[in-house]
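Trainee: Residues in the first sequence are numbered consecutively from 1, following this note's numbering. Virtual Cβ for every residue (Gly too), placed ideally from N, Cα, C. As the structure is a computational prediction, the values presented were derived from the model and not from experiment.
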Amino acid sequence: MQKSLKELFKTYIESKTPIFKDRSVLSHDYIPDITLHRDEQINQLASILAPALKGEKVSNIFIYGSTGTGKTLITRYVTSELQEMGGVRVIYVNCKMKRVSDTEYRLLAELIRAFGHEIPATGLPTEEVYKTFYACLKRERKYIILVLDEIDALVKKIGDEMLYNFVRLGQDLPDVRIALIGISNDVGFIESLDPRVRSSLSEEEIIFPPYNAGQLQDILKQRAEKAFIPGVIQEGVLAKCAALAAQEHGDARRAIDLLRIAGELAEREGSTKITLQHLDRAEDKLDLDRYTELVRTLPKQSKAVLAAIIRLEERGREIQTGDVFSYYERICKANGLKVLTNRRVSDLLAELDMQGLITTHLVSKGRYGRSREIRIRISKPILERIKAILKANFTSL
DNA sequence: AGTCCACAGGAAGGGCAGGCGA
DNA sequence: TCGCCTGCCCTTCCTGTGGACT
Numbered sequence: 001m002q003k004s005l006k007e008l009f010k011t012y013i014e015s016k017t018p019i020f021k022d023r024s025v026l027s028h029d030y031i032p033d034i035t036l037h038r039d040e041q042i043n044q045l046a047s048i049l050a051p052a053l054k055g056e057k058v059s060n061i062f063i064y065g066s067t068g069t070g071k072t073l074i075t076r077y078v079t080s081e082l083q084e085m086g087g088v089r090v091i092y093v094n095c096k097m098k099r100v101s102d103t104e105y106r107l108l109a110e111l112i113r114a115f116g117h118e119i120p121a122t123g124l125p126t127e128e129v130y131k132t133f134y135a136c137l138k139r140e141r142k143y144i145i146l147v148l149d150e151i152d153a154l155v156k157k158i159g160d161e162m163l164y165n166f167v168r169l170g171q172d173l174p175d176v177r178i179a180l181i182g183i184s185n186d187v188g189f190i191e192s193l194d195p196r197v198r199s200s201l202s203e204e205e206i207i208f209p210p211y212n213a214g215q216l217q218d219i220l221k222q223r224a225e226k227a228f229i230p231g232v233i234q235e236g237v238l239a240k241c242a243a244l245a246a247q248e249h250g251d252a253r254r255a256i257d258l259l260r261i262a263g264e265l266a267e268r269e270g271s272t273k274i275t276l277q278h279l280d281r282a283e284d285k286l287d288l289d290r291y292t293e294l295v296r297t298l299p300k301q302s303k304a305v306l307a308a309i310i311r312l313e314e315r316g317r318e319i320q321t322g323d324v325f326s327y328y329e330r331i332c333k334a335n336g337l338k339v340l341t342n343r344r345v346s347d348l349l350a351e352l353d354m355q356g357l358i359t360t361h362l363v364s365k366g367r368y369g370r371s372r373e374i375r376i377r378i379s380k381p382i383l384e385r386i387k388a389i390l391k392a393n394f395t396s397l
């Protein structure tokens, strides 16, 4: 065993068929020198933010567009350039970071940390944390640009009261100069806000439309030139890669992921070229990895609910909440797991829906009540892998 | 027109773990 | 150590609801 591992590492090192020149170019946090097809948004954002350089009032900005349309990339690019000009301090927070910034307390703690202060992860009254935060703001001499990425996730979780506090910062604390940038995937998000917050947050709005296949191909070409050794990409791979991602709402992130994984597959095989075949397999692998990782990290109770759904689906009948609950109960009892209430399971179902593992929709069967009809949203081959994971967790499946 | 099913999903609050200062 | 605070997971209790049945 040990010997074969060593051999594996050795062949990897000695491999004479390098594919990558610089892998990091294809990572999520890479910011290219030149960003393509987003000139309009860059100019828009830059001209809104520019007054900050003179210490003049900057409007709050709301940015939206679906995933992989460059919202985060462009915002980080423009704000970091702005920061380099001096007189401006940019604080970037991703509100979706689990256990880091997904609650009021944690987000505040994260912001305070950005100012170079430490605060305990829990224990203090929120009021105290706000006070520390205000103190940090007041001490700051620079103009503060606060970027809240995936702001919709935050509001969905804790409501918009906190946002209300934020938008009022500039008004209530006269010696604090601050502007907010909210970034969201969800176009309808802004409508769901309290009108006072809405009008204040969206003083300026910037829309990021999806990339089309041609634009995606330009982006891929730009990245590929830096990431790969010249000539390793087979003709047509970039075009297909772009086309695949264009189908997925013009998601550039997905396009780049596909290309990276195709490259890794080729490398692992010792192939000299990235072929269309590699790309096809990359597509499968991307989905497989995403779902298996998701299921593996699911809490035990959610796994039990999912296992119940999969088992019921095998029987080929329509699945409703009630069926899921009874089967879930059986699984729990057989595995010595605590049985949660109907109400809680209903929430777990909603979570599984959000994560894209299942789809649910409300149906009314008149006399026979109202219920959610549940279907599995995962393709066959991936489902097989997920079943294997669940089988390892529950004895009686 | 009224009833009633089988839930959905909101609100409130309990219990726990982690952490604070006194 | 104690009292107090938080987030998180969960329960209990509740009101709401679309449409088949009476």
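(1) If you run the structure through DSSP and keep just helix, strand and coil, what is T359?
(2) Quick one: grab the DSSP three-state call for E205.
(3) Since K21 and V88 are thought to touch, with beta carbons under 8 Å apart, how far apart are those beta carbons, to the nearest angstrom?
(4) Suppose contacts are defined by Cβ-Cβ distances below 7 Å. Is E203 in contact with S59 by that definition?
(5) Using the C-alpha atoms, what's the distance from V197 back to E161?
(6) Identify the residues that DSSP records as bridge partners of Y130: which are they?
(7) Alpha helix (DSSP H) containing E84: first to last residue?
(8) State the DSSP-derived secondary structure class of Y164, mapped to helix, strand or coil.
(9) Skipping 5 residues on each side, what residues in its chain have a beta carbon closer than 7 Å to that of A282?
(10) For V324, I'd like the list of residues in its chain whose CB is within less than 8 Å of its CB, leaving aside the five on either flank, ordered along the chain.
(11) Would you mind listing the alpha helix (DSSP H) stretches within the segment 311-371 that are 4+ residues and don't spill past its ends, in chain order?
(12) Between the segment 269-279 and the segment 22-36, do at least 3 Cβ pairs fall closer than 8 Å?
(13) Could you check if I219 is buried or exposed, using at least 16 other CB atoms within 10 Å of its CB as the buried criterion?
(14) Among Q217, K131, K71, whose alpha-carbon lies nearest the alpha-carbon of L238?
(15) Are at least three pairs of beta-carbons, each pair with one atom in the segment 38-46 and one in the segment 61-77, less than 8 Å apart?
(16) Could you say which of Y134, R254, G214, E127 lies nearest to I112 if we only look at CA atoms?
(17) Taking only the alpha-carbon atoms, compute the straight-line gap between R23 and F228 and give it to the nearest angstrom.
(18) May I ask you to report which of helix, strand or coil DSSP gives N212?
(19) Given a threshold of 16 other Cβ atoms within 10 Å of its Cβ, counted over all protein chains shown, does K380 qualify as buried or as exposed?
(20) Over what stretch of residues does the beta strand (DSSP E) that includes A109 continue unbroken?
(21) Should I151 and C241 be called a contact, given that it needs their Cβ atoms to be closer than 7 Å?
(22) Determine the burial state of V167: buried for a count of at least 16 other Cβ atoms within 10 Å of its Cβ, exposed for fewer.
(23) Near A252, which residues of its chain fall below 8 Å by C-beta distance, leaving aside the five closest residues on each side in sequence?
(24) Is it right to say E318 is buried, meaning 16 or more other beta carbons lie within 10 angstroms of its own, or is it exposed?
(25) Would you say E384 and I19 are within 7 Å of each other, going by their C-beta atoms?
(26) Does the separation of the CB atoms of G182 and L146 fall below 7 Å?
(27) May I have the straight-line CA-CA distance separating E104 from R177, to the nearest angstrom?
(28) Which residue or residues does DSSP assign as beta-bridge partners of S184?
(29) Expressed to the nearest angstrom, what Euclidean distance is found between the alpha-carbon atoms of S138 and E127?
(30) How many Å lie between Y92 and F115 at the Cα?
(31) Run through DSSP, which three-state label would Y291 get?
(32) Is it buried or exposed for A388, if we count other Cβ within 10 angstroms and need 16 for buried?
(33) Within its chain, find whatever has a CB closer than 8 Å to the CB of L337; leave out the 5 residues flanking it on each side and keep chain order.
(34) Please list, in chain order, all residues of the same chain as L279 whose beta carbon is under 7 Å from its beta carbon, the five residues on each side excluded.
(35) In its own chain, which residues sit with a C-beta less than 8 Å from the C-beta of K333, not counting the 5 before and 5 after it?
(36) Taking 6 Å as the limit between beta carbons, can you name the residues of its chain near V25, skipping five residues before and five after?
Mentor: Reading from the atomic positions:
(1) strand
(2) strand
(3) Not a contact, Cβ separation roughly 35 Å.
(4) yes
(5) 9 Å
(6) Beta-bridge pairing links Y130 to no other residue.
(7) 71-84
(8) helix
(9) L258, I261, A262, L265
(10) V305, A308, I309, L312, V345, L349, I374
(11) 321-334, 342-354
(12) no
(13) buried
(14) Q217
(15) yes
(16) Y134
(17) 8 Å
(18) coil
(19) exposed
(20) It is not in any beta strand (DSSP E) - A109 instead sits in the alpha helix (DSSP H) that spans 104-114.
(21) no
(22) buried
(23) G68, T69, G70, Y211, L216, I219, A245
(24) exposed
(25) no
(26) no
(27) 22 Å
(28) Y64
(29) As written in the sequence, residue 138 is Lys, which differs from the Ser given in the question. Approximately 16 Å between the Cα atoms of the pair.
(30) 11 Å
(31) helix
(32) exposed
(33) K300, Q301, A304, I331
(34) V237, K240, C241, L258, A262
(35) V339
(36) R223, K226, A227
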